[in-house]
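Q:
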Amino acid sequence: MVTRDFSGEDVYKVLVNVGGFQHVRTTGDHLILRWDPPEGHENTEIRTVTVPAHDSISIGTLRNIAD
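Counting from 1 along the sequence shown, just add 449 to a position and that's the residue number in this note's numbering.
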């Protein structure tokens, strides 16, 4: 069975190590990450994601981060 229990640190590591996001700042218990488009893709928008640094992140929050 696949587990759905991910911590904020787990999500953070995947986004930074695999997704190409960069840590911008930490506000309280939330990590703010930013993704810049590669060169040659100037029309692609910059993406900013907020990841809660909690022990467990709900499925709805994971879906919102993925969108």
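Just so you know, even glycine gets a beta-carbon here, dropped at the ideal spot from N, CA and C.
Taking the alpha-carbon of residue 467 as reference, which of 484, 479 and 480 has the nearest alpha-carbon?
A: Selected option, being the one with the closest Cα: 484.
Q: If we count the other Cβ atoms within 10 Å of its Cβ and call it buried at 16 or more, is residue 471 buried or exposed?
A: Residue 471 should be labelled exposed.
Q: Less than 7 angstroms between the C-beta atoms of residue 480 and residue 465, yes or no?
A: In this structure, residue 465 does not lie closer than 7 angstroms to residue 480 by Cβ.
Q: Rounded to a whole number of angstroms, what is the C-alpha to C-alpha distance between residue 506 and residue 462?
A: The alpha-carbon atoms of residue 506 and residue 462 are separated by roughly 14 angstroms.
Q: Is it right to say residue 473 is buried, meaning 16 or more other beta carbons lie within 10 angstroms of its own, or is it exposed?
A: Exposed, because fewer than 16 other Cβ atoms sit within 10 Å of the Cβ of residue 473.
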